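J.:
Residue numbers (this note's numbering): 1 to 298.
#1: Confirm, please, whether the CB-CB distance from residue 138 to residue 51 is below 7 Å.
#2: Return the CA-CA distance between residue 106 and residue 122, expressed in angstroms with no decimal places.
#3: Three-state secondary structure (DSSP) at residue 169?
#4: Can you list, in chain order, the residues of its chain whose CB lies under 6 Å from that of residue 182, leaving out five sequence neighbours each side?
#5: Between the beta-carbon of residue 43 and the beta-carbon of residue 215, is there less than 7 Å?
#6: Within 10 angstroms of its Cβ, does residue 16 collect 16 or more other Cβ (buried), or is it exposed?
#7: Are the stretch 54-68 and the stretch 90-106 touching, with three or more C-beta to C-beta distances below 8 Å?
#8: When the Cα of residue 67 is compared with those of 191, 180, 30, which residue comes out closest?
#9: Among 266, 242, 36, which has the Cα closest to the Cα of residue 83?
#10: Measuring CB atoms only, is the stretch 22-32 touching the stretch 197-205, in the sense that at least three cross pairs come out at less than 8 Å?
#11: Thinking C-alpha only, which one of 167, 274, 91 is nearest residue 255?
#12: Looking at residue 12: is its Cβ nearer than 7 Å to the Cβ of residue 263?
#13: Indicate the three-state DSSP secondary structure (helix, strand or coil) for residue 258 in the structure shown.
#14: Taking the alpha carbon of residue 135 as the point to measure from, which residue in 278, 4, 265 has its own alpha carbon closest?
#15: In whole angstroms, what is the alpha-carbon distance linking residue 287 and residue 104?
#16: For residue 199 and residue 108, what's the separation of their Cα atoms in angstroms?
#17: Whole angstroms is fine: what's the gap from residue 184's alpha carbon to residue 146's?
#18: Quick one: what's got a C-beta closer than 6 Å to residue 245's C-beta in the same chain, skipping five residues either side?
#19: Residue range of the alpha helix (DSSP H) that residue 14 falls in?
#20: Mind checking which residues open and close the alpha helix (DSSP H) that includes residue 39?
#21: Note down the Cα distance separating residue 187 from residue 113, rounded to an integer number of angstroms.
#22: What is the DSSP secondary structure of residue 58, reduced to helix, strand or coil?
#23: Indicate whether residue 56 and residue 163 have their beta-carbon atoms separated by less than 7 Å.
#24: In or out: residue 49 buried (at least 16 other Cβ within 10 Å) or exposed?
#25: Do you know how far the Cα of residue 249 is from the Cα of residue 273?
#26: Please return the same chain residues whose Cβ sits closer than 6 Å to the Cβ of residue 125, not counting the five positions on each side in sequence.
#27: Going by C-alpha to C-alpha distance, which of 213, 217, 34 sits closest to residue 196?
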């Protein structure tokens, strides 16, 4: 990998590990709907003009039902669920549970069929990964937080379904156009309730910074960097960042928000990471498919 590739890789590993911390900060003063509205509006204001200038919107019109489906499972539903869950869960725990996306993605691919069939090694990887999730939930989640855990579980499923829609129904579609359209549609959907729930007073500077950074850097800039990374190192290497994002979320939560780092979290993260790698790694000599958009565009 070139120096430019390593720089892009490191930047993306951090940028998509930061949102969990920023969401935790923002929901202290904003409702989940308002946060999603502000984040998507800021990002859409940057990406929609770019997509329009590039002519990336019109090619999507014949496939608009699938663009809406992708929007629902990858942005509109997950971001509201994750924001609500983080009102009760720590940012590090939320980020760690999201690490299960590759596991669920592997299961879904096997269920819907394809050339990539499971073998004993991958089944063992799945078992190890899900044991890690069970450890985290069993040792570090209070009974009254189970609803929040279920919300994150739905986020994981959505993040796993999104790339399948891209690869099977939106293959060849302009990536910037898909992302820009998804953000704009989500902003429109949440506008009524998000505006109605705006706080009576201007949020603190910390929250305003969190929202701005989420929209500009963690969403708009992040997608553009990710597409550049794909062009630099290829789609397969680019998606390896999904193994580093939860680690960044964990470290930031512990260091900046004084969130607990427990044995359950340590063991669970290790098992989830190893299980995800084993379950999704292909044998040598087997070609890997391209990946148009990342799993879990946080």
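Glycine included, each C-beta is placed from N, C-alpha and C at the ideal position.
All of these numbers come straight from a predicted model, not from anything done at the bench.
T.: Well, looking at it:
#1: No. Outside cutoff.
#2: Those two C-alpha atoms are separated by around 9 Å.
#3: If DSSP states are grouped into helix, strand and coil, residue 169 belongs with the helices.
#4: Around residue 182: 71, 75.
#5: For residue 43 and residue 215, yes; Cβs fall inside 7 Å.
#6: Under this definition residue 16 is a buried residue.
#7: The answer is no - the stretch 90-106 does not touch the stretch 54-68, with fewer than three Cβ pairs under 8 Å.
#8: Per the C-alpha coordinates, the member of 191, 180, 30 positioned closest to residue 67 is 180.
#9: When each option's Cα is compared against that of residue 83, the closest is 36.
#10: The answer is yes - the stretch 197-205 touches the stretch 22-32, with three or more Cβ pairs under 8 Å.
#11: Ranking the options by Cα distance to residue 255, first place goes to 91.
#12: No, Cβ-Cβ distance for residue 12 and residue 263 is not below 7 Å.
#13: Three-state result, residue 258: coil.
#14: Looking at the Cα atoms, 265 is the closest of the given residues.
#15: Because the pLDDT of residue 287 is 49, which lies under 50, any placement of that residue in the model is unreliable, and the number read from its coordinates should be weighed accordingly. Those two C-alpha atoms are separated by around 21 Å.
#16: Straight-line measurement puts the Cα of residue 108 at about 40 Å from the Cα of residue 199.
#17: Going by C-alpha positions, residue 184 is about 32 Å away from residue 146.
#18: Taking residue 245 as the centre and dropping the five residues before and after it, the same chain places the C-beta of 16, 17 closer than 6 Å to its C-beta, in chain order.
#19: Per DSSP, residue 14 belongs to the alpha helix (DSSP H) from 3-15.
#20: In the DSSP assignment, residue 39 falls within the unbroken alpha helix (DSSP H) covering 32-54.
#21: Counting only the Cα atoms, residue 113 lies some 34 Å from residue 187.
#22: The DSSP-derived three-state label of residue 58 is helix.
#23: Annotated as distal: residue 56 and residue 163, with beta-carbon spacing of 7 Å or more.
#24: When all chains shown are included, residue 49 counts as exposed.
#25: So the alpha carbons of these two residues sit roughly 14 Å apart.
#26: The residues are 275, 278, 279.
#27: Taking only the C-alpha atoms, the option nearest residue 196 is 34.
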